[in-house]
Amino acid sequence: MPQDPVERRVVVTGPPRRTRRSFGYYRPRTEIDEQTTLGHTYVRSLMRSQLRAALTVFAVLMLLIGPLPLLFAAMPDAHRLQWAVLGFCLYAPLVLLARWYVHRAERNERDFIRLVEDK
Numbered sequence: 671m672p673q674d675p676v677e678r679r680v681v682v683t684g685p686p687r688r689t690r691r692s693f694g695y696y697r698p699r700t701e702i703d704e705q706t707t708l709g710h711t712y713v714r715s716l717m718r719s720q721l722r723a724a725l726t727v728f729a730v731l732m733l734l735i736g737p738l739p740l741l742f743a744a745m746p747d748a749h750r751l752q753w754a755v756l757g758f759c760l761y762a763p764l765v766l767l768a769r770w771y772v773h774r775a776e777r778n779e780r781d782f783i784r785l786v787e788d789k
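Residues 671 to 789 in our numbering are what the sequence shown lists, from first letter to last.
As structure tokens, this is what we get:
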């Protein structure tokens with residue numbers, strides 16, 4: 671007969687009353703609020719994607735509008751054509767470009783929010 675009494679194990683079933691925070695868990699929103707290096711990286715990523723969209727729009731605008739002064743200088747007596755190009759031919763591409771930029775910026779923000787939200 672063993673001298674040490676056999677220890678009985680007790681199984682507790684039910685929800686834990688206290689939850690322990692694991693060390694590997696982090697909240698991105700907290701990282702951003704506390705301005706840690708990781709939070710700075712998140713915000714920098716958003717700003718970089720927004721800047722990329724803005725630079726794309728700027729490049730398309732320069733390709734679209736940049737050659738116009740040279741075109742107008744080549745045809746100095748075509749005032750009606752110049753006004754037609756400026757008033758009608760540029761309006762639709764500018765509106766489409768603006769809509770694309772707004773859509774892209776909102777999509778970047780939605781992706782950022784989805785990244786930062788608690789899951």
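Backbone N, C-alpha and C define an ideal beta-carbon position, used for all residues, glycine too.
Could you check whether residue j and residue i sit closer than 8 Å to each other, using their CB atoms as the reference points?
i             : j             : result
alanine 723   : alanine 768   : no
valine 765    : arginine 699  : no
glutamine 738 : valine 755    : In the sequence as presented, glutamine is not what sits at residue 738; that position holds leucine. The answer is yes: Cβ separation under 8 Å.
tyrosine 712  : glutamate 701 : yes
How should residue i be labelled, buried or exposed, when 16 other C-beta atoms within 10 angstroms of its C-beta is the threshold for buried?
i                 : result
phenylalanine 782 : buried
With 8 Å as the threshold, decide whether the Cβ of residue i is near any Cβ in chain C.
i                 : result
phenylalanine 742 : Any reference to chain C falls outside this structure, which holds one protein chain only.
Could you tell me how far apart the beta carbons of residue i and residue j are, in whole angstroms, since I believe they sit closer than 8 Å?
i              : j           : result
asparagine 778 : leucine 716 : 7 Å
proline 763    : leucine 734 : 6 Å
Q: Run through the stretch 706–742 for me and flag every whole alpha helix (DSSP H) of 4 or more residues, listed as ranges in chain order.
A: List check, alpha helix (DSSP H) in window: 707–735.
Q.
Quick check for students: name the residue ranges of the alpha helix (DSSP H) that lie wholly in the stretch 758–786, counting only runs of 4 or more.
A. 761–786
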